[in-house]
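K.L.:
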Amino acid sequence: MRGFNRFCRIWLYIVYAILFIPIVIVVLMSFNQSEYGTFPIKFTLDWYILLFTESNLLSATWLSIWFSFVVALAAVVIGVMAAIGMRGMSKKALNMFSTLLNVPIIIPWLVLSTALLILFNAVGIGRSYIGMFLGNLTVVIPYVVLVVYGRMSGTDTMPEEAARTLGAGSLRILIDITLPEAFPAILSGGLMAFVVCFNNFVVQYYLAPFGVRTLPLEIYNMVRVGYKPDMNALASIIMLFSVILVVLVSKLGFKAGHISNLRSNMNKPVD
Numbered sequence: 413m414r415g416f417n418r419f420c421r422i423w424l425y426i427v428y429a430i431l432f433i434p435i436v437i438v439v440l441m442s443f444n445q446s447e448y449g450t451f452p453i454k455f456t457l458d459w460y461i462l463l464f465t466e467s468n469l470l471s472a473t474w475l476s477i478w479f480s481f482v483v484a485l486a487a488v489v490i491g492v493m494a495a496i497g498m499r500g501m502s503k504k505a506l507n508m509f510s511t512l513l514n515v516p517i518i519i520p521w522l523v524l525s526t527a528l529l530i531l532f533n534a535v536g537i538g539r540s541y542i543g544m545f546l547g548n549l550t551v552v553i554p555y556v557v558l559v560v561y562g563r564m565s566g567t568d569t570m571p572e573e574a575a576r577t578l579g580a581g582s583l584r585i586l587i588d589i590t591l592p593e594a595f596p597a598i599l600s601g602g603l604m605a606f607v608v609c610f611n612n613f614v615v616q617y618y619l620a621p622f623g624v625r626t627l628p629l630e631i632y633n634m635v636r637v638g639y640k641p642d643m644n645a646l647a648s649i650i651m652l653f654s655v656i657l658v659v660l661v662s663k664l665g666f667k668a669g670h671i672s673n674l675r676s677n678m679n680k681p682v683d
């Protein structure tokens, strides 16, 4: 058994190496003077200077950030409302609704994007900001709903019932009890929606207006004509902010979950 555990540990190290070695190489190449990423590495900041002075990547990145934020915000609002509605469903209706939610996740984005483009052309939306927004929203909403409902279905309903007995209205219960209880899941679902939208090349390629280039589309067009090292610089910056964001979200989610657990424990009857 000890030998098997050692074997599994070695495989774990190999998996970590496969995951993180490419990231380390990208960061190193962003400081490498060679335009073609050759060794040995000669330190330079030229690619970062190029990124902030001449490259189109920065404007495409800001467009992707703002667009993904708007999509994630809309997905959180709709997803939370849908998760709350699912709590009152019968078991049969809940199973059917959960199955339907998994359809946009299971269907390949290539097929979904083609179907959406045909639909939007038929109703006169076509390739536009509205179409791109609705397409990305269709993709990310199921993630938010499933994550938030998973949290809500496992929380204690006693505080809500007690508040309702004492005369609190539905809106008051939602703001003071339901949303704080589900805050870690809302945060996680919103972050997941943002990341999925930010990286979604297929949907944006099919539905983006002509001439509009989000970051995935800009990188695609740059790779077609030739690789440039400023991509490494941008990738390194994005990875740095991603690590910071994950740490902050984890701490906020942990604090919210800890406070929620304390409230639940305080509301439990004492034997």
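Residue numbers in the sequence shown follow our numbering, run continuously in steps of one, and reach 683 at the last position.
Glycine included, each C-beta is placed from N, C-alpha and C at the ideal position.
#1: Flag this pair as yes or no: are the beta carbons of L619 and L529 separated by less than 8 Å?
#2: Indicate whether I598 and V488 have their beta-carbon atoms separated by less than 8 Å.
#3: Measuring only the C-alpha atoms, how far is N612 from M643?
#4: Does the region 616-634 come into contact with the region 472-485, if we say contact requires no fewer than three beta-carbon pairs (one atom in each stretch) closer than 8 Å?
#5: Could you say if the region 492-499 and the region 557-570 meet the contact criterion of at least three C-beta pairs nearer than 8 Å?
#6: Look at the alpha carbon of P520 and the alpha carbon of A645, and state the distance between them as a whole number of angstroms.
#7: Could you say which of M634, M651 and L657 lies nearest to G602 if we only look at CA atoms?
#8: What residue does the alpha helix (DSSP H) around Y639 start on, and which one ends it?
#9: Among the candidates K663, L660 and P641, whose CA atom is the shortest distance from the CA of N468?
#10: Which of the three DSSP states is assigned to F481 in this structure?
#11: So I359 and G491 are supposed to be a Cβ contact under 8 Å. How far apart are they, rounded?
#12: Quick check: what's the CA-CA separation for L485 versus V637?
#13: Determine the DSSP secondary structure at F451, reduced to helix, strand or coil.
#14: What separation, rounded to the nearest whole angstrom, lies between the Cα atoms of L583 and P571?
#15: How long is the line joining the alpha carbons of V659 and A534, rounded to whole angstroms?
#16: So what does DSSP say about I422, is it helix, strand or coil?
#17: Going by CA-CA distance only, name the one from P628, I650, L524 and N548 that's closest to C609.
#18: I'd like to check one pair, V607 with L522: are the Cβ atoms closer than 8 Å?
#19: Comparing alpha-carbon positions, which option in M604, S525 and A494 lies nearest L546?
#20: If distances are taken between C-alpha atoms only, which option among N444, K454, S540 and M493 comes closest to L558?
#21: Under a Cβ-count criterion, where at least 16 other Cβ atoms within 10 Å of its own Cβ denotes burial, should P628 be classed as buried or exposed?
#22: Can you give me the start and stop residues for the alpha helix (DSSP H) that D616 sits inside?
#23: From L463, V560 and Q445, pick the residue whose C-alpha is nearest to that of F455; which is it?
#24: Would you give the residue range spanned by the alpha helix (DSSP H) that F532 belongs to?
#25: In terms of DSSP beta bridges, what is N444 paired with?
#26: Answer with buried or exposed for I631, where buried requires no fewer than 16 other C-beta atoms within 10 angstroms of its C-beta.
#27: Quick check: the Cα distance between G538 and I435, rounded to an integer number of angstroms?
P.N.:
From the atom records:
#1: Working through the sequence shown from its first residue, we reach residue 619 at position 207. Working through the sequence shown from its first residue, we reach residue 529 at position 117. Note that the C-beta distance between L619 and L529 is below 8 Å.
#2: By 1-based counting over the sequence shown, the position of residue 598 is 186. By 1-based counting over the sequence shown, the position of residue 488 is 76. Cβ distance < 8 Å, so I598 and V488 count as in contact.
#3: Reading the sequence shown from its first residue, position 200 is the one you call residue 612. Reading the sequence shown from its first residue, position 231 is the one you call residue 643. Each residue's alpha carbon lies about 17 Å from the other.
#4: Taking 8 Å as the limit for Cβ pairs, the verdict is that the region 472-485 does touch the region 616-634.
#5: In short, these stretches touch, since the Cβ pair count reaches three.
#6: Here residue 520 refers to the residue found at position 108 of the sequence shown. Here residue 645 refers to the residue found at position 233 of the sequence shown. One C-alpha to the other measures close to 31 Å.
#7: By 1-based counting over the sequence shown, the position of residue 602 is 190. Among M634, M651 and L657, the Cα nearest to that of G602 is on L657.
#8: Sequence index remark: in the sequence shown, residue 639 carries index 227 (1-based). Y639 -> no alpha helix (DSSP H), and no H or E assigned at all.
#9: Taking the first residue of the sequence shown as position 1, residue 468 is located at position 56. Taking each of K663, L660 and P641 in turn and checking the Cα distance to N468, the smallest one comes out for P641.
#10: Within the sequence shown, the letter at position 69 stands for residue 481. Helix at F481.
#11: Outside the shown range of the chain, which is 413 to 683, sits residue 359, and nothing can be said about it.
#12: For the purposes of this step, residue 485 is identified with residue 73 of the sequence shown, where counting begins at 1. For the purposes of this step, residue 637 is identified with residue 225 of the sequence shown, where counting begins at 1. Spanning the two alpha carbons is a distance of roughly 35 Å.
#13: The residue labelled residue 451 in the question sits at position 39 within the sequence shown. In the three-state reduction of the DSSP assignment, F451 falls in the coil class, being assigned neither a helical nor a strand state.
#14: By 1-based counting over the sequence shown, the position of residue 583 is 171. By 1-based counting over the sequence shown, the position of residue 571 is 159. In this structure, the straight-line span from the alpha carbon of L583 to that of P571 is close to 14 Å.
#15: By 1-based counting over the sequence shown, the position of residue 659 is 247. By 1-based counting over the sequence shown, the position of residue 534 is 122. So the two alpha carbons sit approximately 44 Å from each other.
#16: As a first step, residue 422 must be located in the sequence shown, where it is residue number 10. In the structure shown, I422 sits in a helix (DSSP, three-state: H, G or I).
#17: What you label residue 609 is simply residue 197 of the sequence shown in a count that begins at 1. Answer by Cα proximity: N548.
#18: As a first step, residue 522 is located in the sequence shown; it is residue number 110 there, counting from the start. As a first step, residue 607 is located in the sequence shown; it is residue number 195 there, counting from the start. Between L522 and V607, the C-beta spacing is not below 8 Å.
#19: The residue labelled residue 546 in the question sits at position 134 within the sequence shown. It is S525.
#20: Sequence index remark: in the sequence shown, residue 558 carries index 146 (1-based). Checking every option, the nearest Cα to that of L558 belongs to M493.
#21: Translated into positions along the sequence shown, residue 628 becomes position 216. Taking every protein chain shown into account, the CB of P628 has 16 or more other CB atoms within 10 angstroms, so this residue is buried.
#22: Within the sequence shown, residue 616 is the residue found at index 204, counting from 1. With the sequence shown as reference, residue 616 is identified as Gln, and Asp is not the correct amino acid for it. First-last of the alpha helix (DSSP H) with Q616: F613 to L619.
#23: Counted from its first residue, the sequence shown places residue 455 at position 43. If you compare the alpha carbons of L463, V560 and Q445 with that of F455, the shortest gap goes to Q445.
#24: Looking up residue 532 in the sequence shown gives position 120. W521 to V535 is the extent of the alpha helix (DSSP H) around F532.
#25: Here residue 444 refers to the residue found at position 32 when the sequence shown is read from its first residue. Its beta-bridge partners are F455.
#26: Looking up residue 631 in the sequence shown gives position 219. I631 comes out buried.
#27: As a first step, residue 538 is located in the sequence shown; it is residue number 126 there, counting from the start. As a first step, residue 435 is located in the sequence shown; it is residue number 23 there, counting from the start. One Cα belongs to G538, the other to I435, and the distance between them is close to 37 Å.
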